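Asker: The sequence shown stops at residue 251 when you use my numbering, and every number in between is there.
In this text, a Cβ means the ideal position worked out from N, Cα and C, and glycines have one as well.
None of the values given here were measured: they were computed from a predicted structure.
Sharing a structure with you now.
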Amino acid sequence: PVGEGAKRVTTVMSGAYSRFCGKGERDRAGARGARRGAMRRVMMAMLIGPLSTPAAATTLFEKKFTCPVGGEKFEASVVGSSTSWGQRPDGRTYGTLSIWPIVECPGNGLLLFDEEFGDADVAKLTPLVASAEYQAMRASESPHYRSWWLQKNLGRDSYALAGTLLAASWEVDHNPAAKSRYQEAFAATAQAVPWSKAKKGPWFWLHLRAANALRELGRFEESATLLTLIDRPDRLPTDADELEGARWMID
Numbered sequence: 001p002v003g004e005g006a007k008r009v010t011t012v013m014s015g016a017y018s019r020f021c022g023k024g025e026r027d028r029a030g031a032r033g034a035r036r037g038a039m040r041r042v043m044m045a046m047l048i049g050p051l052s053t054p055a056a057a058t059t060l061f062e063k064k065f066t067c068p069v070g071g072e073k074f075e076a077s078v079v080g081s082s083t084s085w086g087q088r089p090d091g092r093t094y095g096t097l098s099i100w101p102i103v104e105c106p107g108n109g110l111l112l113f114d115e116e117f118g119d120a121d122v123a124k125l126t127p128l129v130a131s132a133e134y135q136a137m138r139a140s141e142s143p144h145y146r147s148w149w150l151q152k153n154l155g156r157d158s159y160a161l162a163g164t165l166l167a168a169s170w171e172v173d174h175n176p177a178a179k180s181r182y183q184e185a186f187a188a189t190a191q192a193v194p195w196s197k198a199k200k201g202p203w204f205w206l207h208l209r210a211a212n213a214l215r216e217l218g219r220f221e222e223s224a225t226l227l228t229l230i231d232r233p234d235r236l237p238t239d240a241d242e243l244e245g246a247r248w249m250i251d
């Protein structure tokens with residue numbers, strides 16, 4: 001979810017938190033014509049990305065909004081395009097915009113994680129954003145964490161909740177305590193998502209990110225156990241490029 005629905009332009013590999021799973025693990029348009037070794041070189045870009053980056057920029061433009069709760073009218077900068085060229089094991093990209101921002105209503109702090117909100121959602125969100133708990137969170141929690149809190153109270157699906165928590169962990173690299181707390185929440189949420197053949201790809205990438213989060217938290221045995229769970233023929237990606245990338249990360 002990006003709120004304003006703006007489209008992004010990427011090179012080599014995409015990595016916005018909404019693309020943490022399945023075919024979104026990389027820019028398929030750029031990878032299809034490459035040789036079998038392309039994914040390995042892209043994965044290596046995770047390590048060398050910060051050292052050598054192509055000339056690129058993030059483009060912004062102003063857009064008018066009306067807050068769904070309270071009706072406040074305001075303008076905010078939204079993203080027109082950005083460029084990425086690799087990602088860390090946790091999915092955060094190296095590029096001109098590593099974390100996709102969420103438009104926020106200035107007055108009450110509602111985060112526009114959806115392009116539109118129905119009447120039922122607005123009715124639920126109104127007391128949520130007005131609550132003392134949420135207003136206190138505006139000073140202590142990251143935007144994506146607050147977005148997760150709101151979505152959780154709206155009963156959103158587990159994939160959306162896990163993806164939002166993953167992005168929240170990227171926002172607090174500078175705050176070890178908050179990062180650990182967010183990673184704990186992400187790992188727990190991700191592991192609670194049940195296996196589904198219909199969502200085989202998203203399930204795999206979600207759990208691979210969870211295994212990495214456990215590793216970063218120092219929970220090595222749990223991370224290894226989770227990797228064993230997903231490193232099975234019926235769980236691994238079937239696409240050759242994705243399988244090569246997954247194999248590189250697991251090994």
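If you follow the beta strand (DSSP E) that Leu-260 is in, where does it begin and where does it stop?
Answerer: Because the chain is modelled from 1 through 251, residue 260 falls outside the range shown and cannot be assessed.
Asker: Would you identify the three-state DSSP class for Glu-242, choosing helix, strand or coil?
Answerer: helix
Asker: List the endpoints of the continuous beta strand (DSSP E) containing Val-78.
Answerer: 73-81
Asker: Give the straight-line distance between the Cα atoms of Asp-157 and Ala-139, rounded to the nearest whole angstrom.
Answerer: The alpha-carbon separation between Asp-157 and Ala-139 amounts to approximately 26 Å.
Asker: For Pro-50, count neighbouring Cβ atoms within 10 angstroms of its own Cβ and tell me buried if that reaches 16, exposed if not.
Answerer: Reliability fails at Pro-50, whose pLDDT of 45 lies under 50, so the model's placement of it is uncertain and the value that follows must be treated cautiously. That one is exposed.
Asker: Once the 5 residues before and after Gly-70 are set aside, which same chain residues still bring their CB inside 6 Å of it?
Answerer: Excluding positions up to five away in sequence, the list reads Asn-108.
Asker: In chain order, what residues of the same chain lie with their CB nearer than 7 Å to the CB of Gly-22, ignoring the 5 residues before and after it?
Answerer: The predicted position of Gly-22 is uncertain, since its pLDDT is 37 and thus under 50; a value taken from the coordinates is nonetheless stated next. Taken in chain order, the residues that qualify are Gly-201, Pro-202 and Trp-205.
Asker: Just checking: is the beta-carbon of Pro-106 within a distance shorter than 8 Å of some beta-carbon in chain C?
Answerer: Reference to chain C is not applicable here, since this structure consists of a single protein chain.
Asker: Work out the CA separation of Arg-247 and Met-44 for me, nearest whole Å.
Answerer: In this prediction, Met-44 has a pLDDT of 44, which is less than 50 and means its spatial position is unreliable; what the coordinates show is noted afterwards. Met-44 and Arg-247: Cα-Cα distance of roughly 13 Å.
Asker: Among the candidates Glu-216, Gln-191, Thr-238 and Trp-195, whose CA atom is the shortest distance from the CA of Leu-226?
Answerer: When each option's Cα is compared against that of Leu-226, the closest is Gln-191.
Asker: For Ala-162, which residues of its own chain have a beta-carbon under 7 Å away from its beta-carbon, when the five flanking residues on both sides are left out?
Answerer: Phe-186, Thr-189, Ala-190, Val-193 and Leu-206
Asker: Give the range of the alpha helix (DSSP H) segment to which Ser-98 is assigned.
Answerer: No alpha helix (DSSP H) contains Ser-98, which DSSP labels as neither H nor E.
Asker: Out of Ala-57, Lys-73 and Glu-104, which has the shortest C-alpha to C-alpha gap to Gly-95?
Answerer: Ala-57
Asker: Pull the bridge partners of Leu-111 from the DSSP assignment, please.
Answerer: Glu-104
Asker: Return yes when the Cβ of Pro-68 is within less than 8 Å of the Cβ of Glu-257, no when it is not.
Answerer: It is not possible to answer for residue 257, since the shown part of the chain is limited to 1 through 251.
Asker: Check this for me: beta carbons of Ser-147 and Thr-126, under 8 Å apart or not?
Answerer: At the C-beta level, Ser-147 and Thr-126 stay beyond 8 Å of one another.
Asker: Can you look up Arg-169 in the DSSP assignment and give me helix, strand or coil?
Answerer: The sequence shown places Ser at residue 169, not Arg. If DSSP states are grouped into helix, strand and coil, Ser-169 belongs with the helices.
Asker: Taking only the alpha-carbon atoms, compute the straight-line gap between Thr-93 and Trp-85 and give it to the nearest angstrom.
Answerer: 7 Å
Asker: Compare the C-alpha of Ala-160 against each of Val-172, Tyr-145, Leu-243 and Asp-173 and name the closest.
Answerer: Tyr-145
Asker: Per DSSP, what are the beta-bridge partners of Ser-84 in this structure?
Answerer: Looking at the DSSP assignment, Ser-84 forms a beta bridge with Gly-95.
Asker: Pick helix, strand or coil for Ala-192, following the three-state DSSP scheme.
Answerer: coil
Asker: State buried or exposed for Asp-90, treating a residue as buried only when at least 16 other CB atoms are found within 10 Å of its CB.
Answerer: buried
Asker: Can you tell me whether DSSP reads Asp-157 as helix, strand or coil?
Answerer: In the structure shown, Asp-157 sits in coil (DSSP, three-state: anything other than H, G, I, E or B).
Asker: To the nearest angstrom, report how far apart Pro-176 and Asp-121 are at their CA atoms.
Answerer: 33 Å
Asker: Do you know offhand how far Val-172's Cα is from Ala-210's?
Answerer: 17 Å
Asker: From Leu-112 to Arg-215, what does the alpha carbon distance come to, in whole angstroms?
Answerer: 32 Å
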